[in-house]
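A.B. asks:
Residue numbers (the working numbering): 18 to 355.
(1) Going by Cα to Cα distance, which pick from 134, 213, 339 is closest to residue 191?
(2) On the DSSP bridge assignment, give the partners of residue 114 in chain order.
(3) Measure the CB-CB distance between residue 303 and residue 123 and report whether it falls below 9 Å.
(4) Whole angstroms is fine: what's the gap from residue 233's alpha carbon to residue 89's?
(5) Could you tell me how far apart the beta carbons of residue 9 and residue 301 are, in whole angstroms, since I believe they sit closer than 8 Å?
(6) What three-state label does DSSP hand residue 185 in the structure shown?
(7) So residue 299 and residue 130 are supposed to be a Cβ contact under 8 Å. How far apart are they, rounded?
(8) Would the region 195-213 count as touching the region 268-280 if we require 3 or more Cβ pairs under 8 Å?
(9) Figure out for me which residue from 342, 327, 312 has the closest Cα to the Cα of residue 36.
(10) Quick one: residues in its chain with C-beta nearer than 8 Å to the C-beta of residue 188, no 5 flanking neighbours on either side, listed in chain order?
(11) If we count Cβ pairs, one from each stretch, closer than 8 Å, do we get three or more for the region 224-231 versus the region 156-174?
(12) I need the straight-line Cα distance from residue 101 to residue 326, nearest angstrom please.
(13) Hey, quick one: how far does the alpha helix (DSSP H) through residue 327 stretch, first residue to last?
(14) Hey, would you say residue 278 sits closer than 9 Å to residue 115, going by beta carbons?
(15) Among 315, 156, 320, 276, which one has its Cα closest to the Cα of residue 137?
(16) What does DSSP give as the partner residue(s) for residue 190 in the beta ladder?
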């Protein structure tokens, strides 16, 4: 995990050094476009632009404020030393600490992720089992057609369609167009707050989760079909066990392994990553929009800080997935091979 994390950070940091138009250049361009007398604040210093542009002394001061007066290697090791204690610094653009920005955007991403996760696992696993038990039937063909058509529709296209039909577009005005809660949410009673929150989340969650239904459903179905065709299932049926006992007592324990082992990674990814297009369509200020804007603004503390944090989460998720194999399948172990 440590070499992987270090490699990701080295590559990303190196790329940012060669991308044209860094934060200093972008700031200078913004100052030149702001007209005479524009002012930029950085820490305790202020730099004023003269009509003829920045001279070399002021440009050097500006680079010092942003820390670009030091060699790249020194800046990288200083950055990694701070990241080890989760000190991600402050945003160039928002004038806030990166940690505060992440915490402020997290409720939106966690809301989308949590409910999408519940819907995908709660709906797809039972549906996949039913499809495996009725493989080739009319129900199997019809449900496969519906979920695959849904999978083919991009989430942002579905989101726009939902707004048009149910968000006061050309048809019905049932759900709100924007935001996580209403403007008067703080004045509502607790029950009304929960209903208002759920009312706002219906369309974004539908658009976010719909595309994932096909993947998880077909994974579940194929996993169960593979187990159903094995010899121990034929033996259990030959002994006179009912189909439900065969399915849920014998097949379920083995077929659910690929689904359970993917649980940690999907769980963390759903909770802590955002969806730029979904957040933009429904005017939700979450992690996806923050990441996109930080790249446009060359806000490297956010870009590198969030990358470091989410890379650690991804590596932990993969570790938990490996460990979950051992927990759910006693046939697998990490002992040395003789």
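Each residue gets a CB set at the ideal place from its N, CA and C atoms; glycine is no exception.
A quick note: this is a predicted structure, and the numbers were derived from the prediction, not measured.
C.D. replies: Considering the structure as presented:
(1) Counting from one through the chain shown, the residue named residue 191 turns up at place 174. If we check each option's Cα against that of residue 191, 213 comes out closest.
(2) Reading the chain shown from its first residue, position 97 is the one you call residue 114. For residue 114, which the question treats as bridged, DSSP gives the partners 107.
(3) Working through the chain shown from its first residue, we reach residue 303 at position 286. Working through the chain shown from its first residue, we reach residue 123 at position 106. Against a cut-off of 9 Å, the Cβ pair of residue 123 and residue 303 comes out as a contact.
(4) On the chain shown, position 216 is the one that residue 233 refers to. On the chain shown, position 72 is the one that residue 89 refers to. One C-alpha to the other measures close to 44 Å.
(5) This structure leaves residue 9 out entirely; the chain is present only between 18 and 355.
(6) Along the chain shown, read from residue 1 onward, the residue named residue 185 stands at position 168. It is coil, neither helix nor strand.
(7) Taking the chain shown and counting its residues from 1, the one referred to as residue 299 is at position 282. Taking the chain shown and counting its residues from 1, the one referred to as residue 130 is at position 113. With 8 Å as the limit, residue 299 and residue 130 do not qualify as a contact, their Cβ atoms being about 15 Å apart.
(8) no
(9) Against the chain shown, residue 36 aligns to sequence position 19. Residue 312 is the option with its Cα nearest to residue 36.
(10) As a working note, residue 188 is residue 171 in the chain shown. Within the same chain, residue 188 has close Cβ partners 181, 182.
(11) yes
(12) For the purposes of this step, residue 101 is identified with residue 84 of the chain shown, where counting begins at 1. For the purposes of this step, residue 326 is identified with residue 309 of the chain shown, where counting begins at 1. Their Cα atoms are separated by approximately 10 Å.
(13) Stepping through the chain shown from its first residue, residue 327 is reached at position 310. From DSSP, the alpha helix (DSSP H) with residue 327 extends over 317-345.
(14) Against the chain shown, residue 278 aligns to sequence position 261. Against the chain shown, residue 115 aligns to sequence position 98. The answer is no: Cβ separation not under 9 Å.
(15) If you number the chain shown from 1, residue 137 lands on position 120. With distances taken between Cα atoms, residue 137 lies closest to 276.
(16) Start at 1 with the first residue of the chain shown, and residue 190 comes out as number 173. 184.
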